[in-house]
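Encoded as structure tokens, the structure appears first; notes follow it.
What follows is the structure, encoded as structure tokens:
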């Protein structure tokens with residue numbers, strides 16, 4: 001294991017939050033969270049509600065570094081592969097510049113990928129270039145076991161976006177609990193919906209967990225567009 005501190009690639013969603021939590025549990029010295037804020041659809045990054053990562057970081061107690069949309073131009077890419085490479089560039093540049101601010105340099109990054117070789121291959125190649133390690137505790141794990149572990153640990157997970165057949169407006173803002181998991185397993189059997197939303201079927205926000213000092217409280221409206229929808233956050237704050 002390299003000396004130095006770790007940077008957690010962090011969106012505030014369940015997968016990156018679980019990678020961060022497991023890193024802390026493993027005793028890794030996480031010195032920064034890094035959040036990319038893409039504009040529009042992204043092949044590399046969790047898109048909705050990334051601004052709430054700032055609240056989550058405050059609750060976790062680890063400084064957050066933002067990579068803004070203006071830092072990269074994914075629209076110039078010609079295909080998914082090229083877009084993924086283009087989107088990675090500002091993250092790599094941010095990590096490279098962060099290394100000098102971390103105690104002992106950059107030891108590695110945490111990543112929340114479960115099955116996406118598209119993401120994982122690029123992150124691993126980036127870390128090779130940066131001469132640091134990757135901590136990916138969700139990689140190729142059984143989705144239901146992972147979901148149960150998150151709930152057992154005390155994660156409170158809210159669904160903030162859906163885009164899959166079988167997921168209607170009633171899922172927006174819903175807590176991802178064991179009842180919801182049972183329904184997702186049925187939807188997986190019927191329509192192929194991934195239990196953890198790994199194919200983009202749904203996106204989440206972790207509003208509380210054992211690594212957070214205070215919960216995130218939300219006010220929101222739901223926006224439904226016929227076959228997909230999202231929650232429009234009207235106010236977000238840390239509770240007591």
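In the UniProt record's numbering, the protein residues as written are 1 to 240.
The C-beta atom is built at its ideal place from N, Cα and C for all residues, glycine as well.
Bear in mind the structure is a predicted one, so any value in this text is a computation, not a measurement.
Three-state class that DSSP yields for residue i in the structure shown
i: residue 236; result: strand
i: residue 76; result: For residue 76, the pLDDT reaches just 41, beneath the cut-off of 50, and the residue's location in the model is therefore unreliable, although a value from the coordinates is still provided. Residue 76: helix per DSSP, three-state reduction.
i: residue 4; result: coil
i: residue 152; result: helix
i: residue 206; result: strand
i: residue 179; result: helix
i: residue 33; result: strand
i: residue 62; result: coil
i: residue 123; result: helix
i: residue 195; result: coil
i: residue 96; result: helix
i: residue 174; result: coil
i: residue 141; result: coil
i: residue 17; result: helix
Identified DSSP bridge partners for residue i
i: residue 135; result: 110
i: residue 229; result: 162 and 224
i: residue 216; result: 238
i: residue 9; result: 34
i: residue 67; result: 36
i: residue 157; result: 206
Cβ-based burial, residue i [other Cβ within 10 Å; buried from 16]
i: residue 122; result: buried
i: residue 21; result: buried
i: residue 224; result: exposed
i: residue 186; result: exposed
i: residue 41; result: Residue placement at residue 41 is poorly supported in this model, since its pLDDT is 44, which falls under 50; the coordinates are not used for a value here.
i: residue 11; result: buried
i: residue 97; result: exposed
Residue i versus residue j - alpha carbon distance
i: residue 210; j: residue 236; result: 20 Å
i: residue 92; j: residue 126; result: 7 Å
i: residue 231; j: residue 151; result: 22 Å
i: residue 190; j: residue 181; result: 14 Å
i: residue 106; j: residue 146; result: 28 Å
i: residue 206; j: residue 131; result: 31 Å
i: residue 23; j: residue 14; result: 14 Å
i: residue 179; j: residue 153; result: 17 Å
i: residue 208; j: residue 56; result: 9 Å
i: residue 234; j: residue 3; result: 42 Å
i: residue 35; j: residue 25; result: 21 Å
i: residue 29; j: residue 104; result: 11 Å
i: residue 67; j: residue 16; result: 16 Å
i: residue 113; j: residue 197; result: 11 Å
i: residue 32; j: residue 221; result: 32 Å
i: residue 188; j: residue 238; result: 34 Å
i: residue 140; j: residue 214; result: 31 Å
i: residue 116; j: residue 240; result: 36 Å
i: residue 142; j: residue 149; result: 11 Å
i: residue 124; j: residue 200; result: 21 Å
i: residue 184; j: residue 54; result: 29 Å
Beta carbon of residue i nearer than 8 Å to that of residue j
i: residue 102; j: residue 5; result: yes
i: residue 8; j: residue 216; result: no
i: residue 226; j: residue 172; result: no
i: residue 99; j: residue 136; result: no
i: residue 176; j: residue 18; result: no
i: residue 195; j: residue 174; result: no
i: residue 193; j: residue 164; result: yes
i: residue 88; j: residue 109; result: no
i: residue 157; j: residue 204; result: yes
i: residue 118; j: residue 161; result: no
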